[in-house]
Every structure is written in C-alpha cells, then in structure tokens.
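Take a look at the structure below.
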Amino acid sequence: MDSPTHTRINDSEKSEIGISACDDDSKKPEELLQVLPCVPMEETLDDFPDGGFRAWLVLFGGFCIFFSTWGYVTSWGVFQAYYQQSILRGSSPSEITSAWIGSLQHSIIFLPGLIVGRLFDVGLFRIPFAAGSVLIVLATFLVPLCRTFTAFLLCQGLATGLGCALVIPPTIAVVCHWWKRRRAFALGVMTCGSALSGTIIPIVVRRLLEVVGFAWTLRIIGFMLTFTLGVANMCVARRLPPIKPAGRIFNWSVFRNSAFFVYCAAQFVVSLGSYIVPTYISSSAVSAGISRTFAFYLVAIINGSTSAGRILFGFLGDRFGAMNVMIIVGVFVSALTMIWPHCRSVASLTVLSVFFGFTNASYSPLTQVPAAAMGSPSDLGFRIGILSTFLGLGTLCGPPLGGLLNDTRHGYAAVGYFGGGMLLVGTALMTVSRFLAIPKLWSKY
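full-length UniProt numbering applies: residue 1 is where the sequence shown begins, and numbers increase by one.
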C-alpha cells in the first residue's frame with residue numbers, strides 16, 4: 001500500500017485558508033500560547049448577559065441597596081418637618097439648620113464617588129461595600145442618642161451619607177456589568193427599591209412617632225435596614241475583572257470628551273434644583289395651614305409616584321435614548337417646581353406631588369446611562385464616580401440655598417423659582433451635551 005502523500009502548505013496558503021501561525025509545529029508550547037488567537041478585550045467586555053438568573057439576582061441585590069439607602073435618604077422631608085417642629089425648634093433659623101442635615105446626607109452619597117468608583121474599577125469592591133452597609137446600620141441606631149444639631153449633622157448627615165456613598169456607586173456599576181441593551185430598564189427596576197422604601201418609611205415614621213416615640217422609631221428602621229442590606233451583600237457581585245491601570249490611577253483623559261464634561265456640568269445644575277420640592281414640601285404645607293398629619297404624607301406620595309415613572313422612563317430611555325427623554329421631561333419637572341409654592345390646599349398639593357414624583361423619577365434610571373456610554377467599560381466606575389461628584393456638589397448646595405431664599409420676604413415662592421430655574425438651565429446644558437455627542441437633530445442617545 002502506498003504511503004499517504006504529505007503536501008507542505010506554505011505561509012501564504014495558510015493565510016488563504018485561515019490557518020494561523022499558531023498551527024506551526026515548530027513553535028514551542030509557550031510560544032503557541034502567545035500567538036493563539038483570542039477574543040479582543042472590548043468584545044469580551046461588550047458581551048453583556050442582559051438577563052438570566054445571575055443578572056436578575058444582582059438586580060434584586062441592587063433593588064435592596066436602593067431600598068436601604070436612597071429611599072431612606074429621600075424620606076428626609078419627614079424628618080425635616082419633625083425636627084423643625086420639635087427637636088431643633090430652638091435652632092435659628094431652623095429651616096436652614098435642619099436643611100443642612102439633609103443636604104449633607106444627600107451630597108455625601110455622591111461626593112466620594114470619584115474615589116469609590118475608581119476603587120471599584122481596580123478591584124476593591126467587597127470590603128468597602130460591606131463597610132458601608134455596617135456604617136448605615138450603625139448610624140441609624142445612633143441617631144436616637146443625638147440631642148444637638150451638631151450630633152444630628154454628624155450622625156444622620158455625615159455617617160449615613162458616607163455609608164450610602166460606599167455602596168450606591170459600586171451597585172450602579174455592578175448592574176451595568178450585567179445589563180447593556182436593557183440597561184435603562186434595569187436601572188429603573190433597581191431604583192424602584194428607593195421608591196418602595198420612600199413610600200413606606202414616611203408613613204411608618206409618622207405612625208411610629210405617635211406610638212413608640214422617636215428613639216424606637218429609628219431602631220425599628222435600623223433593624224429593617226440590617227435585613228435588607230444583608231440580603232444585598234449576598235446577591236450583588238461584579239462580572240468583569242478589575243483593571244490594572246497603566247500609570248496614574250485616575251484617568252483624567254475622560255474630560256477630553258467635551259460631551260461628558262458638559263453633561264457633568266448639566267447634572268450639577270439639575271441637582272441644585274431637583275431636591276428642593278422633596279425637601280420643603282412638607283414644611284411648606286404646614287406653613288400654609290395644612291395639618292402636620294397630612295403634610296407628612298406628601299413625601300410618601302412623591303416617592304410612591306416615582307415607581308411607575310422609573311419603570312416607564314427606563315423603558316423609554318432604552319427605546320429613544322436616555323438623554324433625549326431627560327431633556328423633554330426636564331422641562332416639565334422645572335415647571336412643576338415653579339408651580340409648587342402656589343399650591344396651598346390639600347387637593348393641589350396632592351396632585352402636584354403625584355405629577356412631580358412621576359416626572360422627577362426619570363432622573364433615577366437615566367442619569368448614569370449617558371456617562372456609561374461615553375467611554376470604555378473598563379473606566380465605567382471612574383466615569384460614574386466623576387458624575388457622582390458633580391451631583392454631590394449640587395445636592396450639598398441646593399437645599400440650604402433654598403432655606404436662605406425662604407428667609408426672604410418672598411418665602412417659598414423664591415425657593416420654587418430658584419429650583420425650577422436651575423432645572424431649566426441644567427436641561428439646556430444637557431441639550432448642548434447631547435448635540436456634542438451626536439450632532440443630529442434626532443438620534444437615539
């Protein structure tokens with residue numbers, strides 16, 4: 001029997017039929033590993049599950065995080081009204097003093113985002129995440145021991161806000177690891193956790209204050225947060241590997257993207273006005289002669305109305321573009337903020353609270369989406385961190401500035417016009433960022 005004929009294929013023929021250099025028998029095993037074809041990094045990073053058991057489990061963990069953090073923080077209005085009427089009643093002026101507690105709580109969530117986001121990128125996720133969870137619970141149990149404005153500022157303002165800062169930005173980044181095509185929808189579902197707790201907590205606080213007093217009210221909330229944060233720590237997990245930054249740990253080149261820089265500036269201005277109504281609506285209702293019992297429920301009505309808005313605007317963001325949706329809705333939020341001071345009856349305040357909560361909910365699932373799209377997935381945590389810092393500066397200054405304006409002869413009308421004006425200017429800047437990113441009259445972005 002004739003032996004089989006062996007035909008040697010030259011390199012050019014190898015190239016034509018798709019055989020790479022790694023098929024060359026003359027290569028050593030370790031050399032073959034260096035030349036074997038592999039999937040490019042960007043393709044691997046872009047291979048998002050967009051569903052499946054693990055992705056939904058992570059999303060549920062994110063839901064629990066927002067239930068325990070953002071919903072608790074956005075319930076500040078009910079504490080604001082209570083402190084002004086009781087514990088901090090002797091502070092001068094109490095409107096400005098107590099507003100600093102809430103604004104510090106809000107802003108601290110965002111301000112360390114630059115550092116927290118970058119730590120997430122390089123792999124430091126679990127330890128800061130667990131530490132933040134413990135700090136939130138500890139601060140909540142310590143609030144009943146506070147007696148002075150300074151103690152409340154440090155405990156309920158600084159400590160609670162810092163704990164939230166260690167868990168919220170990484171949670172957003174983790175969810176973005178698992179969802180891309182339906183990212184806005186996923187973030188909308190996640191932020192519904194804050195809508196749920198933002199509805200429950202004001203009602204629970206109001207009832208418990210009458211039944212068990214202030215101290216046990218905070219302790220019961222602390223036990224609730226212990227459970228939800230524990231569940232979240234078991235569910236949330238990153239998908240993409242950490243990066244090894246070449247050179248400097250902070251990649252400031254992201255600011256070379258003019259659209260991203262203008263977008264951050266836009267969100268800073270928006271955040272100056274977006275927390276005005278939730279912060280002051282209860283106290284403005286009391287000053288208008290409405291009962292304190294009903295005034296406490298206005299915050300719950302706002303937060304409850306956000307649930308449908310977060311889901312709907314998350315869906316619309318995936319369909320038409322997150323920034324397009326925010327630009328359109330921002331005009332309505334601005335108008336409602338300016339109308340708010342002129343609502344002085346139960347009916348008008350209820351209607352305004354429903355519409356404001358529904359429209360203002362658009363920012364929760366959509367704010368981070370443009371930032372996630374303006375660069376590589378490897379720098380996702382850093383970009384979200386930068387955006388969070390801009391948001392933090394705005395939330396730190398907005399409510400106290402509103403308190404200063406309320407002390408003038410124009411009262412809450414000046415506060416409403418300030419908040420609405422900032423929202424309108426921020427929406428205009430967002431429009432500029434949108435056209436810098438894609439210079440077309442209509443394009444999904």
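Even glycine gets a Cβ: it sits at the ideal position worked out from N, Cα and C.
These figures come from a predicted structure and were not determined experimentally.
Open item on the list: Tell me the rounded alpha-carbon separation between valine 324 and threonine 427.
Closed with: In the sequence on display, residue 324 carries asparagine and not valine. Approximately 10 angstroms between the Cα atoms of the pair.
Open item on the list: Comparing C-alpha positions only, which one of Gly321, Ser271, Ile301 sits nearest to phenylalanine 390?
Closed with: Ser271
Task: Proximity below 8 angstroms, CB of residue 448 to CB of methionine 422 - done: Because the chain in this structure spans residues 1 to 445, residue 448 falls outside the shown range and cannot be described.
Task: Three-way DSSP call (helix, strand, coil) for tyrosine 275 in this model - done: coil
Open item on the list: Using a Cβ-Cβ cutoff of less than 7 angstroms, which residues in the same chain neighbour alanine 55 once the five nearest sequence positions on both sides are dropped?
Closed with: Pro49, Trp178, Trp179
TODO: Would you tell me roughly how many angstroms separate the C-alpha atoms of serine 15 and aspartate 47, rounded to the nearest one?
DONE: Bear in mind that a pLDDT of 39 at serine 15, under 50, signals an unreliable position, so the number given afterwards is only what the model happens to contain. Rounded to the nearest angstrom, the two C-alpha atoms are 28 angstroms apart.
- [ ] Jot down the residue ranges of each uninterrupted alpha helix (DSSP H) in the segment 73-149, minimum 4 residues, whole runs only, in chain order.
- [x] Listed in chain order, the alpha helix (DSSP H) elements of length 4 or more contained wholly in the segment 73-149 are 76-85, 94-110, 113-121, 126-142.
- [ ] Measure the C-alpha to C-alpha separation of leucine 366 and leucine 88 and round it to an integer number of angstroms.
- [x] For leucine 366 and leucine 88, the distance between alpha carbons rounds to 36 angstroms.
TODO: Just confirm the distance between the C-beta atoms of isoleucine 201 and tyrosine 72, as a whole number of angstroms; I'd bet it's less than 8 angstroms.
DONE: 6 angstroms
Task: Euclidean distance between Cα positions of phenylalanine 185 and phenylalanine 313 - done: 8 angstroms
- [ ] State yes or no: is the C-beta of asparagine 360 within less than 8 angstroms of the C-beta of serine 274?
- [x] Cβ atoms of asparagine 360 and serine 274: closer than 8 angstroms.
Open item on the list: Does isoleucine 172 pass the burial test, meaning 16 or more other C-beta atoms within 10 Å, or should it be called exposed?
Closed with: By the neighbour-count definition (other C-beta atoms within 10 Å, threshold 16), isoleucine 172 is a buried residue.
- [ ] Grab the span of the alpha helix (DSSP H) containing asparagine 257 for me, first residue to last.
- [x] In the DSSP assignment, asparagine 257 falls outside any alpha helix (DSSP H), carrying neither H nor E.
Task: With 16 other Cβ atoms within 10 Å as the buried cut-off, status of proline 241 - done: exposed
- [ ] Less than 8 angstroms between the CB atoms is what I'm expecting for threonine 279 and glutamine 80, so what's the real figure, rounded?
- [x] 6 angstroms between Cβ atoms; contact.
TODO: Whole angstroms is fine: what's the gap from glycine 403's alpha carbon to arginine 239's?
DONE: Using only the alpha carbons, I get a separation of about 44 angstroms.
Open item on the list: Residues in the same chain with beta-carbon distance under 7 angstroms from threonine 217, minus the five sequence neighbours each way, listed in chain order, please.
Closed with: Cβ within range, chain order: Val205, Leu208, Leu209.
Task: Inter-residue Cα distance where the pair is residue 462 and valine 333 - done: For residue 462 there is no data in the structure shown, the boundaries of the chain being 1 and 445.
TODO: Would you mind giving the Cβ-Cβ distance between phenylalanine 355 and valine 277, rounded to the nearest angstrom? I have them listed as a contact below 8 angstroms.
DONE: Actually they are not in contact, since the Cβ atoms of phenylalanine 355 and valine 277 sit about 11 angstroms apart, beyond 8 angstroms.
- [ ] With a cut-off of 8 angstroms on the beta carbons, I'd call alanine 372 and arginine 182 a contact; round off their distance for me.
- [x] Their Cβ separation, rounded to whole angstroms, is 13 angstroms, which puts alanine 372 and arginine 182 out of contact at 8 angstroms.
TODO: Figure out for me which residue from Thr160, Thr148, Pro370, Thr140 has the closest Cα to the Cα of leucine 104.
DONE: Thr160
Task: Nearest-angstrom Cα separation, counted from valine 143 out to glycine 123 - done: 33 angstroms
Task: Residue closest to serine 197, alpha-carbon to alpha-carbon, out of Pro341, Phe63, Val425, Val369 - done: Phe63
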